[in-house]
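This report refers to the structure that appears directly beneath it.
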Amino acid sequence: MRFYPFPTVNANKQVTAFSSSQQDTDQYGMKLTLNSKTDGRLANHLGLDADHERFTSNQMFFDLAQASASGGLNNKKIYTTGRYPSYDITNLAAFPAIRL
């Protein structure tokens, strides 16, 4: 997800920076089930549930004079920094189920 550049304003309503942020989330997962019926009344289910999620983000700052002169339409990158903490999460769970 990318956001349009925006100004940072201080308490005196002066623009102190012009920047834009980007956030990326990747998520995938799977479920696997093994099903069996014994005598028509009893059903056994065994399964595995797995998923993974990764999140990263950054913020890019632009040359304030150039951005201000163009009304925010012409931006020159000065530097990029992290915005939020990144994380990786992996879950794995097995499950049994019996249906009568």
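Note that the working numbering has the sequence shown beginning at 3, numbered continuously upward. Just so it is clear, CB atoms sit at the ideal spot from N, CA and C, and this is done for glycine as well.
- In its own chain, which residues sit with a C-beta less than 6 Å from the C-beta of N37, not counting the 5 before and 5 after it? Once the five neighbours on either side are set aside, the close Cβ partners of N37 are H47.
- What is the DSSP secondary structure of L102, reduced to helix, strand or coil? Here L102 sits in coil by DSSP.
- Query: Any idea if A69 is buried or exposed, counting beta-carbon neighbours within 10 angstroms, 16 or more meaning buried?
  - Reply: Looking at its Cβ environment, which holds 16 or more other Cβ atoms inside 10 Å, A69 is buried.
- Taking all protein chains shown into account, do 16 or more other C-beta atoms lie within 10 angstroms of the C-beta of F20, making it buried, or fewer, making it exposed? With at least 16 other beta carbons inside 10 angstroms of its own, F20 counts as buried.
- Message: Quick check: what's the CA-CA separation for Q61 versus L50?
- Response: Each residue's alpha carbon lies about 38 Å from the other.
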